[in-house]
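Peer 1:
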Amino acid sequence: YLIQKPAETISEINPEIVGLIREQNVKKGSLYYNKPSTVFIGDVCRSSLSISSNQAGAHVLEIFNNNPSLHGLPVVDGNKLVGLVMKDKFYARLGTQYGFALFLNRPITLLMDKRPLAVDYNTTIDVVSKLAMTRTDENLYDYIVVTRNSNFYGIVTVKDLLEKTTELEVSYAKHLNPLSGLPGNILIEHKLKDYLKNGSPFTVLYIDIDNFKVYNDVYGFESGDKMIQYLGRAITNSIAEECNHNSFVGHIGGDDFVVVIESYDVNVVCNSILNTFKKGISNFYSEEHLESGHIIAKNRHGRIERFGIATLSIAGISNKIRKFKDIYDLSEQASKIKNRCKEIWDNCCCIE
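Taken in order, the sequence shown gives residues 876 to 1227; the numbers are from this note's numbering.
1) Which residues bound the beta strand (DSSP E) around M1228?
2) Less than 8 Å between the beta carbons of G947 and V935, yes or no?
3) For F1182, collect the residues of the same chain with a Cβ closer than 7 Å to its Cβ; drop the 5 residues on either side in sequence, then sort them by chain order.
4) What is the DSSP secondary structure of I1216, counted as helix, strand or coil?
5) Take F1232 as the anchor and find which of K1034, V1033 and I1019 has the nearest alpha-carbon.
6) Over the uninterrupted alpha helix (DSSP H) stretch that includes T1041, give me the two end residues.
7) Please specify which runs of the alpha helix (DSSP H), each continuous and at least 4 residues long, are wholly inside the stretch 992-1029, giving them in chain order.
8) May I ask you to verify whether the stretch 920-940 touches the stretch 998-1010, counting CB pairs closer than 8 Å and requiring at least 3?
9) According to DSSP, is F1123 helix, strand or coil?
10) Expressed to the nearest angstrom, what Euclidean distance is found between the alpha-carbon atoms of K910 and Y1047?
11) To test your reading of the DSSP string, which unbroken alpha helix (DSSP H) runs of 4 or more residues are found completely within the stretch 1138-1200?
12) How far does the beta strand (DSSP E) with V1079 in it extend, from its first residue to its last?
13) Report the residue from L1080, G1128 and W1220 whose alpha carbon sits nearest the alpha carbon of Q1208.
14) Would you kindly work out how many angstroms separate the C-alpha atoms of V901 and D1131, rounded to a whole number?
15) Under 8 Å, with one C-beta from each stretch per pair, do the stretch 1039-1057 and the stretch 1146-1153 reach the 3-pair mark?
16) To the nearest angstrom, how far is the alpha carbon of S1122 from that of L1015?
17) Near G1099, which residues of its chain fall below 6 Å by C-beta distance, leaving aside the five closest residues on each side in sequence?
18) Can you name the residues that DSSP bridges to L1051?
19) Please classify S1075: is it buried, with 16 or more other beta-carbons within 10 angstroms of its beta-carbon, or exposed?
20) Alpha carbon to alpha carbon, how far is I1061 from I1179? Give it in angstroms, no decimals.
21) With a threshold of 7 Å on Cβ separation, who are the neighbours of A933 within its own chain once the five nearest residues in sequence on each side are excluded?
22) By the DSSP assignment, the beta strand (DSSP E) with V950 in it spans what residues?
23) Decide if L969 is buried, meaning its Cβ has at least 16 other Cβ atoms within 10 Å, or exposed.
24) Compare the beta carbon distance of A1185 and I1212 with 8 Å and say whether it is the shorter of the two.
25) Within the present structure, is the beta-carbon of K1217 separated from the nearest heavy atom of the ligand ADP by less than 7 Å?
26) Less than 8 Å between the CB atoms is what I'm expecting for L1205 and H1126, so what's the real figure, rounded?
27) Closest to N942 by CA distance: which of L924, E1137, D952 and S928 is it?
28) Would DSSP call A882 helix, strand or coil?
29) In angstroms with no decimal places, state the Cα-to-Cα distance between G1129 and N1146.
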């Protein structure tokens, strides 16, 4: 009945209903590519019947009896949460020797939980899960109440919370790069689209290893994989230590990584990544190659050539003075910066 009642002919759907369906589909699609630590509890909560604190026990009993699937009732006065009544506990109190006589015609405040678990809309799911699991056994499966701007907003059941957490973790894990454990191409694409749509300040860093192919050819794929993993750690550690803004790190594949930072001030982070990589790169080479400073091997054309020790190239592009039509436009413009960066035979960072 949400869209329309059954009829012989299909009539035009209410635009508000169409908008609601589209909004829910967008929200569902957006959540699919996120992990629990980045999804707000408000995005998964549901609306709920509520009662005021002056309601009598008889009225609450009627509501529960008429709604078998309802397991709890938030108690709300003037949009403010004041308590919570869970069905099982309510029935248990009425079932005592004098329960009906004591509580049926008296305010529900005598039976409600005055301190239920209440969390703000913008609390992430992983934080809520931890809070919910720290409750006593008696309250472990009580509703989690969600507030927004200090007003009652909705509820989340423990079952819903566990199911959504598992769903997010499984769907997110599907799109992680197996070598680095970092988000892969699908998650990267989704994240970049989000940044372009939001229009907030951001800088995208494309990072790759110079002379990686020859290293991989000479030392083998296993050593090459270890170097890639080392770069992944260098990036994530530098972000954790030096970045004070929201950020995202992804692994495009091979020795290519991408970082998105919600700021135009990224020099400190870039220098940290370059320095960290430079400090540890000697661990991947033999003394002979370190002393000579190069590897002698065949190039792509089969000719013998000298190749230097691996260095990093970081090409950065921001939306400070540019507008990007889509992620393909962004990638194309970043490639031009990356090509200029590659012309420098050393650890290099070019930001535009």
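Don't be surprised by glycine CBs; every beta carbon is placed ideally from N, CA and C.
Please read all numbers here as calculations on a predicted model, not as lab measurements.
Peer 2: Answer, in terms of the structure:
1) Residue 1228 lies beyond the stretch modelled for the chain, which goes from 876 to 1227, so this question has no answer here.
2) no
3) Result list for F1182: N1086, V1089, H1169, I1170 and A1172, in chain order.
4) Sequence check: residue 1216 is Cys here, not Ile. C1216: helix per DSSP, three-state reduction.
5) Missing from the structure shown is residue 1232; the chain here goes from 876 to 1227 and no further.
6) V1033 to A1048 is the span of the alpha helix (DSSP H), which, as asked, contains T1041.
7) 1000-1008
8) no
9) strand
10) 6 Å
11) 1142-1155 and 1162-1167
12) T1078 to D1085
13) L1080
14) Residue placement at V901 is poorly supported in this model, since its pLDDT is 49, which falls under 50; the coordinates are not used for a value here.
15) no
16) 34 Å
17) Correct list, in chain order: N1091.
18) P1058
19) The residue is exposed, with fewer than 16 neighbouring Cβ atoms inside 10 Å.
20) Taking the Cα positions, I1179 is about 38 Å away from I1061.
21) Excluding five sequence positions before and after A933, the CB atoms of its chain that fall closer than 7 Å to its own CB belong to L979 and N980, given in chain order.
22) G947 to D952
23) buried
24) no
25) This structure lacks the ligand ADP, and indeed carries no ligand of any kind.
26) Going by Cβ atoms, the distance from L1205 to H1126 rounds to 18 Å, so no, they are not a contact pair.
27) L924
28) In the three-state DSSP reduction, A882 falls in the coil class, being neither helix nor strand.
29) 22 Å
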